[in-house]
Amino acid sequence: MVTARLTIDPHFTVGPINRRLFGSFVEHLGRCVYDGLYEPGHPTADAEGFRQDVIDLVKELGVSTIRYPGGNFVSGFRWEDSVGPVGERPRRLDLAWHSTETNEVGLHEFSSWLEKVGSELMLAVNLGTRGTLEALDLLEYSNLPGGTALSQQRIDNGRTDAFGVKMWCLGNEMDGPWQLGHRSAEDYGTLASQTAKAMRQLDPSVELVACGSSSAHMPTFGEWERVVLSHTYDDVDYISCHAYYQEKNGDLGSFLASAVDMDHFIDSVVATADHVKAVLGSSKTVNISFDEWNVWYLDRYENVDKIEGIDNWPVAPRLLEDAYSVADAVVFGNLLISLLRHADRVTSASLAQLVNVIAPIMTEPGGPAWKQTTYFPFALTSRLATGDALDVKLEADSYETAVYGTVPLVDAVATHDTATGATSVFLVNRSQSEPATVTIDTAALGAVTVREAQTLADADTSAKNVLGDPERVGLSATEGIEVRDGGLTLTLPPVSWTAISLG
Ligand code: AHR
């Protein structure tokens with residue numbers, strides 16, 4: 019039996035949880051947009067062609083800000099193609115995903131969809147094959163109330179009020195050799211600084227994200243952040259992090275410890291940003307926008323999905339449609355624990371992505387939409403993690419991993435909301451064979467009752483929700499919680515994720 023102890027004390031505050039931590043990402047990639055959230059012929063489609071079943075699932079998921087329209091896609095994107103009469107919009111090659119972009123859905127349509135799901139727009143500008151002028155044009159089109167050619171064009175295209183977009187990404191993964199217009203840190207830092215200054219001249223209220231590394235395992239990681247921030251520190255609000263995890267070579271033990279890597283990644287970027295702050299003698303703090311994170315079986319994309327051929331540019335092909343297991347969802351829930359643990363510095367994050375493409379929501383053309391295993395930890399964490407994140411002073415048994423060395427078998431974070439009095443705890447048991455008995459000291463909270471407790475686990479950790487069996491995996495009520503004076507005890511099944519709400 020594995021054992022762990024933790025203490026919940028509302029005084030052990032990490033920082034306030036920004037709702038933007040529960041953001042997501044919609045890229046023009048595969049069937050995320052077309053045949054995903056947009057399918058005019060679908061039985062549930064509304065007058066604008068958006069699937070109502072997907073809208074309902076996105077609302078229930080509890081997604082705050084949605085990054086759009088890429089991703090790698092944005093580095094070849096001409097935003098002007100995606101506005102104006104739909105019938106007149108050009109079909110273009112999408113070099114990033116070897117597809118054809120019809121531009122049937124663009125800024126206006128996506129913004130309308132966001133209003134239906136109640137989420138905020140986060141736009142990325144193309145700093146790969148385009149530059150400062152095109153970014154300024156998009157900002158003027160989006161945010162200027164009126165009185166100029168571009169703002170009038172938006173009004174003529176049916177949108178009287180400005181879109182008022184606050185969050186802007188200055189390009190995407192510019193450190194990656196696969197990126198169209200990939201640059202050195204020096205070149206990107208110079209361009210990002212110029213573009214940020216120009217954008218702020220137009221609209222000082224924007225919040226800007228400079229591209230950090232596309233993974234903590236890039237050869238330029240660390241130095242990239244230092245150089246880029248040396249150029250942009252005064253101009254931006256965030257530096258981005260991107261991280262994807264997958265089980266490799268059957269090493270489930272290391273995979274289950276992926277949050278250790280995410281913790282280290284965040285700590286390293288915080289240290290680098292604060293180093294630049296010290297060198298510049300700045301009083302401002304740059305925070306992290308973790309604007310791509312998930313489990314992603316990238317090897318499957320490289321070996322199976324990849325599209326090639328000069329005569330082969332499909333529209334909305336099936337790409338990156340990973341089906342997620344229970345083990346994947348436990349890792350995923352643990353990544354959310356890591357993000358919450360760093361709520362003082364990670365103040366924005368985007369689950370990549372939202373529909374069909376490495377997504378919590380899957381759809382079939384003309385058919386159903388369903389929840390992947392990863393849907394459950396996201397929805398529950400988004401609903402229960404309010405107020406402040408707390409440091410839980412965790413002590414747990416450990417195990418050896420090939421990739422991350424000695425790692426705790428249990429991981430946890432808690433949140434406390436002074437406005438509602440609610441306290442929540444999120445836990446994982448990484449053991450593949452042993453249940454974990456966890457003792458939680460709640461003395462600092464006074465008398466507590468369990469409002470809600472749900473666990474994701476299955477005897478078959480490879481179980482998935484798929485088209486033929488879309489409800490195979492779900493949450494179940496957490497069993498055997500013993501509440502006593504000053505604390506509670508519970509037993510977590512092997513390879514499991516649990517959320518508890520206390521009142
Ligand atoms: O989310 C899929 C891809 O992963 C994005 O387009 C890119 O930014 C990242 O490499």
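Here the sequence shown is numbered in this note's numbering, starting from 19 and rising by one per residue.
Beta carbons: idealized from backbone N, C-alpha and C, even for Gly.
Alpha-carbon spacing of residue i relative to residue j, whole angstroms
i, j, result
"E470", "D476", "20 Å"
"G33", "G486", "43 Å"
"G327", "A275", "39 Å"
"D99", "T120", "9 Å"
"D74", "V135", "8 Å"
"T516", "I499", "12 Å"
"V183", "L139", "6 Å"
"V468", "L520", "5 Å"
"S137", "S368", "12 Å"
"S514", "R363", "27 Å"
"G384", "G423", "47 Å"
"V288", "E152", "31 Å"
"C259", "S232", "7 Å"
"N190", "T21", "43 Å"
"D155", "L168", "7 Å"
"M280", "V44", "22 Å"
"V428", "A296", "36 Å"
"G268", "Q450", "13 Å"
"E158", "Q472", "46 Å"
"V81", "F239", "29 Å"
"I257", "I376", "23 Å"
"L270", "V101", "46 Å"
"P195", "P237", "11 Å"
"T419", "V349", "15 Å"
Residue nearest to residue i in terms of C-alpha spacing, selected from the options
i, options, result
"G94", "G464, A216, T147, P335", "T147"
"G230", "A437, A454, D309", "D309"
"A341", "V333, W331, W314, I355", "W314"
"L247", "F239, G351, V294", "V294"
"F91", "V425, L111, G164, G268", "L111"
"F40", "L412, P453, L358, G439", "L358"
"R448", "P395, A370, S416, D71", "S416"
"A462", "D174, T441, T83, E106", "T441"
"L474", "A63, A414, A345", "A345"
"S307", "A361, F350, V333, H200", "A361"
"A387", "E497, L402, R69", "R69"
"T444", "T438, A432, V104", "Reading the sequence as shown, one finds Phe at residue 444 and not Thr. Selected option, being the one with the closest Cα: A432."
"I437", "A403, L270, L506, H116", "According to the sequence as given, residue 437 is Ala; it is not Ile. Taking only the C-alpha atoms, the option nearest A437 is A403."
"F12", "A370, A414, F273, R107", "Residue 12 lies beyond the range of the chain shown here (19 to 521); nothing can be said about it."
"S130", "D292, F181, S366", "F181"
"G176", "S223, L125, G199, L188", "L125"
"N161", "R401, T25, S400, E225", "E225"
"D255", "G164, P108, N305", "N305"
Residue burial classification, residue i (beta-carbon count within 10 angstroms, cutoff 16)
i, result
"R172", "buried"
"W186", "buried"
"D483", "This sequence places Asn at residue 483; Asp is not what is there. Classification for N483: buried."
"V322", "exposed"
"K389", "buried"
"Q197", "buried"
"A277", "buried"
"T381", "buried"
"P378", "buried"
"E57", "buried"
"A65", "exposed"
"A465", "exposed"
"H282", "exposed"
"L209", "buried"
"S300", "exposed"
"E497", "exposed"
"I325", "exposed"
Host beta strand (DSSP E) of residue i (start-end)
i, result
"G33", "31-34"
"L463", "Premise fails: L463 is in no beta strand (DSSP E) and is neither H nor E."
"V20", "20-25"
"S42", "41-43"
"V135", "It is not in any beta strand (DSSP E) - V135 instead sits in the alpha helix (DSSP H) that spans 125-135."
N-terminal and C-terminal residue of the alpha helix (DSSP H) that residue i is part of
i, result
"P395", "393-402"
"S356", "344-359"
"H249", "241-250"
"E152", "150-161"
"Y206", "203-220"
"A291", "276-298"
"D99", "Taken as a continuous stretch (DSSP letters only), D99 belongs to no alpha helix (DSSP H), as it is neither H nor E."
"R538", "The structure shown does not extend to residue 538, since the chain spans only 19 to 521, so no value can be given for it."
"K389", "It is not in any alpha helix (DSSP H) - K389 instead sits in the beta strand (DSSP E) that spans 387-389."
Heavy atom of the ligand GDP within 7 Å of residue i beta-carbon
i, result
"H46", "Absence of the ligand GDP is noted for the structure shown, with the ligand AHR being the only ligands found."
Is the segment 408-419 close to the segment 26-43, with three or more CB pairs under 8 Å?
-> yes
Pair every Cβ in the segment 330-346 with every Cβ in the segment 48-55, then say whether three or more of these pairs are closer than 8 Å.
-> yes
Contact between the segment 203-213 and the segment 234-250 (3+ Cβ pairs under 8 Å) = yes
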